[in-house]
Amino acid sequence: MESLEKAVHDESVKPIKLPFQLFEKITGNFSDYITEGGFGKVYKGTLQNGTVAVKMLKETKNDQGYKDQYNELHCMMKTKHKKIVRFLGYSCLADMELRYGEANRGYMEDVNRRLLLCSEYLPKGSLDRYIQVKIYLMVRTKSFRAFMAFRF
């Protein structure tokens, strides 16, 4: 937890791989749910000296889904800008399953892969929420004006 605490308060720290158990601990076993998006659920993570957002990407059972998740992770690790939420770390969890191949030889294969991404926490929510509200208000105002202009 110490390395994540440091990353929250020190902008020079690069994103790091963190143990899955740390995410379980800081999110109360993923009970502090915030929202859900197209790629997964977001949870609030509470540290001793700060708060983070933990995004649990949807489980993937195929290589393409895993590649898409890996690409998202890779992009987040490379992106750094003062106007973009800072990426702090990640964890990868793979459920292994015993499979049997040729000549009944057993081998382990990861069948369910799950990626967790940790970033700064925005207490007022995500930007898209505000953009949607603003667009809605603009549309409503323009429609109202058009309606009133047509009426008189």
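Heads up, the final residue of the sequence shown is numbered 225 in the working numbering, and it's a clean run with no missing numbers.
Glycine residues also receive a C-beta, built at the ideal position from the N, C-alpha and C atoms.
Bear in mind that the values here come from a model prediction, so they are computed numbers and not experimental data.
Practice task
Return the CA-CA distance between K131 and L188, expressed in angstroms with no decimal places.
Solution key: 8 Å
Problem - Of the listed residues V158, R186, T152, nearest to S164 (C-alpha basis) - result: R186
Practice task
Go ahead and pull the three-state DSSP assignment for Y194.
Solution key: coil
Practice task
On a CA-only basis, which of M129, E84, L77 is nearest G111? Give me that one, please.
Solution key: M129
Handout entry: Cutoff 6 Å; reference E193; Cβ partners in own chain excluding five residues on either side
Key = V158, R159
Practice task
Might you give, ordered along the chain, the residues of its own chain that have their beta carbon closer than 6 Å to the beta carbon of C191, omitting 5 neighbours on each side?
Solution key: V125, V127, L161, G162
Problem - Complete runs of the alpha helix (DSSP H) confined to the region 92–140 [at least 4 residues] - result: 93–99
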